[in-house]
Amino acid sequence: MACSSTKFYTIFLFLSFALLLFSTMAVEACGKRSQTWSGPCFISENCRRQCINVEHGVDGNCKQDGLGTACFCC
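Here the sequence shown stands for residues -29 to -1, 1 to 45, where the numbers follow mature numbering (1 follows the signal peptide of the UniProt record, and there is no 0).
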């Protein structure tokens, strides 16, 4: 009985660590501020369009940046 609970605990820890690692990587990948956007960002769809069409990214959205908002591309 102790052996199966040890295996379960080990697998649980491994999966939890993998989930944490991959979720952190996804956040960092979309954290690049747009190089071509100027001014505050209010409409994420416009930011997304700018990131895809001008900066050749895959996605974009408005995020809080300091006291205002900015366009961030993935």
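Each residue gets a CB set at the ideal place from its N, CA and C atoms; glycine is no exception.
Per DSSP, residue 45 lies in no alpha helix (DSSP H) and is assigned neither H nor E. Counting along the chain, residue 21 sits inside the alpha helix (DSSP H) bounded by residues 15 to 24. Secondary-structure assignment with DSSP links residue 33 through a beta bridge to 42. In this structure, residue 18 lies away from residue 45, with their beta-carbon atoms at least 8 Å apart. Nearest Cα to residue 14 within the set 31, 36, -27, 38: 31.
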